[in-house]
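K.L.:
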Amino acid sequence: MNGLSASDPSHRDGLSIAVEPWGDGELSRRREALQRLSRLVDKMPLEQVAALLATRRNNFLGTERAAVIAPVADPVSSPATLNPHGELIETAARAAGLHTARVASETLRASHVGTVGLRIDLPGQPMFYHRQSFYFATAEGGLGQFLNGGITPVLGLKHQGKERVHSVGGPTPPGALFHRKQIGAALAYAATLQGEVCIKPNASANGHRVYPRLRTAEDIVEALIANAAVYEDIVVEESFGGEAWRFFYVKPDIIGIKVGRAASVIGDGENSLHQLIASENSARAARSGHAASKRLPGGIIRDMMLRRQNVGLDTVIPRGRRIFLSPCSNGSQGAESLALPDLLHPTYSAWMLEIFRAMPELHVGAADVLIQQPLQPDRSAFQVIEINIAPSLLAFHYPGTGPVQDVAGAIVAMLQRLASKGA
């Protein structure tokens, strides 16, 4: 027995968003609409494309359109404060008997002002942990090479990273890369895809402007505009349904496994969706510590999900019905993290370990994987979306459900082994 029956089956509720059957002619109508739009927008400025979309969707709020187009700055740590990931590594290093020191980021790299890095004094080879990545220290005490070596710039880009995973035998969704000025070409490519579509930046973190599970031509155009307003390069790919699992790798083994439940609320038969969201946000705000979940998402990603579920903010949701507010599994997008590896057949971990080990430069990384048959091994039923080379540690140390998985301790132990080999 592998312990699968030991888990409460209710934990599986809401782990995946069902793929609705396509209606008669729905895909062909989408394809035709995207082809027409691709010919129209090829030479239009971005603002004109946005205006064109706004006229096609008469229920769109102008204030939200402004929010879509406006660039959003990446969050940074407070001055002189080590971020929570760094605190976990610091605690693990000190528990292992290593000396550590907090270092102002601008002393490591002039452009990194206002954050704090962590120096770990390993025997013969100090390391830095900075912005969730590990670096070897130079003789002068600055940032040297990435711990993950030459694979870092490859896996740091979503499309190129996916190609690398595919080259070592990992299943990945078909997709293509486009510059922000190639909206027409991106639409033409999206028209060739046979299922739901994902639009996302080629280089971003925390699920920022990632829009999976798109079904309509309008939603695809809207997601492209939102990305082109901020990012240079955009990925268009098929969106694979299933449960969103993350495998945390610390060479040579997988140390943590979790599954994400996308942001959602459950109806009580009395309150409107707006009231349910407000109540859940209040409950989340009252929680303290790193285990506290982010606020539920709003904006166009929520609007897309509500449209496909045929509900609005004023709808009273029947008791027990779960309404998804986002298709994303990122904690930064309001998702819950469940550390329940018993809900997954161990064969998937074995397959992922083969993929990780096929990239010998990779020392620390986390793979985001969509799995359609989690209790039944099926290589055609899972796809690797990306391998993150600067992964979050928090969901493994502060899961919403399930035990702590000490990935920080495993990382420090791996660094010690690495240092002892070089001594």
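Our numbering puts the first residue of the sequence shown at 828, with every later residue one more than the last. Glycine residues also receive a C-beta, built at the ideal position from the N, C-alpha and C atoms.
Let me make sure I understand the geometry here. Which of 930, 951, 1089 and 1200 has the alpha-carbon closest to that of residue 1210?
P.N.:
Taking the first residue of the sequence shown as position 1, residue 1210 is located at position 383. Of 930, 951, 1089 and 1200, the residue nearest in Cα terms is 1200.
K.L.:
Tell me the DSSP secondary structure of residue 1001 in three-state form.
P.N.:
On the sequence shown, position 174 is the one that residue 1001 refers to. Coil.
K.L.:
Considering only residues of the same chain and omitting the five flanking positions on each side of residue 861, which have a CB-CB separation below 6 Å?
P.N.:
Reading the sequence shown from its first residue, position 34 is the one you call residue 861. Around residue 861, the same chain offers 1014, 1017, 1018 and 1044 as residues with beta carbons nearer than 6 Å, after the five sequence neighbours per side are excluded.
K.L.:
What is the DSSP secondary structure of residue 928, counted as helix, strand or coil?
P.N.:
The residue labelled residue 928 in the question sits at position 101 within the sequence shown. Residue 928 falls in the strand class under three-state DSSP.
K.L.:
According to DSSP, is residue 1132 helix, strand or coil?
P.N.:
Position 305 of the sequence shown, counted from the first residue, corresponds to residue 1132. In this structure, residue 1132 counts as helix in the three-state DSSP scheme.
K.L.:
Helix, strand or coil: which one does DSSP assign to residue 1228?
P.N.:
Stepping through the sequence shown from its first residue, residue 1228 is reached at position 401. Strand at residue 1228.
K.L.:
Put residue 964 into one of helix, strand or coil per three-state DSSP.
P.N.:
As a position in the sequence shown, residue 964 is number 137, starting the count at 1. Here residue 964 sits in strand by DSSP.
K.L.:
Applying the 10 Å Cβ sphere with the 16-neighbour rule, what's the burial state of residue 1168?
P.N.:
Residue 1168 sits at position 341 when you count from the first residue of the sequence shown. Per the 10 Å Cβ criterion, buried.
K.L.:
Taking 7 Å as the cut-off, does the CB of residue 913 come closer than this to any heavy atom belonging to the ligand MN?
P.N.:
Inclusion of the ligand MN in the displayed structure is not the case, the ligand content being empty and no account of it being possible.
K.L.:
What would DSSP say about residue 1215, mapped onto helix, strand or coil?
P.N.:
Counting from 1 along the sequence shown, the entry for residue 1215 is found at position 388. Assigned with DSSP and collapsed to three states, residue 1215 falls in strand.
K.L.:
Is it buried or exposed for residue 1046, if we count other Cβ within 10 angstroms and need 16 for buried?
P.N.:
In the sequence shown, the residue the question calls residue 1046 occupies position 219. Its Cβ being crowded by 16 or more others within 10 Å, residue 1046 is buried.
K.L.:
Does the distance from the C-beta atom of residue 1021 to that of residue 915 stay below 8 Å?
P.N.:
Along the sequence shown, one-based indexing puts residue 1021 at 194. Along the sequence shown, one-based indexing puts residue 915 at 88. Result no, Cβ atoms of residue 1021 and residue 915 do not sit closer than 8 Å.
K.L.:
Give me the Cα-Cα distance between residue 1142 and residue 1156, rounded to the nearest whole angstrom.
P.N.:
Against the sequence shown, residue 1142 aligns to sequence position 315. Against the sequence shown, residue 1156 aligns to sequence position 329. Each residue's alpha carbon lies about 25 Å from the other.
K.L.:
Is the distance from the Cβ of residue 1163 to the Cβ of residue 1227 below 8 Å?
P.N.:
Residue numbering aside, residue 1163 sits at position 336 when the sequence shown is read from its first letter. Residue numbering aside, residue 1227 sits at position 400 when the sequence shown is read from its first letter. Yes, Cβ-Cβ distance for residue 1163 and residue 1227 is below 8 Å.
K.L.:
So residue 1197 and residue 1071 are supposed to be a Cβ contact under 8 Å. How far apart are they, rounded?
P.N.:
As a working note, residue 1197 is residue 370 in the sequence shown. As a working note, residue 1071 is residue 244 in the sequence shown. Residue 1197 to residue 1071, Cβ: 6 Å. Contact.
K.L.:
Would you kindly report the start and end of the unbroken beta strand (DSSP E) that includes residue 1028?
P.N.:
For this step, residue 1028 is matched to residue 201 along the sequence shown. 1024-1028 is the extent of the beta strand (DSSP E) around residue 1028.
K.L.:
Buried or exposed: which applies to residue 968, given that a residue is buried once 16 or more other Cβ atoms fall within 10 Å of its Cβ?
P.N.:
The count along the sequence shown starts at 1 and reaches residue 968 at position 141. Looking at its Cβ environment, which holds fewer than 16 other Cβ atoms inside 10 Å, residue 968 is exposed.
K.L.:
Got a sec, what are the start and stop residues for the beta strand (DSSP E) residue 1079 sits in?
P.N.:
Sequence index remark: in the sequence shown, residue 1079 carries index 252 (1-based). Neither: residue 1079 is in no beta strand (DSSP E) and is coded neither H nor E.
K.L.:
Please state whether DSSP places residue 1006 in a helix, a strand or coil.
P.N.:
Translated into the one-based positions of the sequence shown, residue 1006 becomes position 179. Residue 1006: strand per DSSP, three-state reduction.
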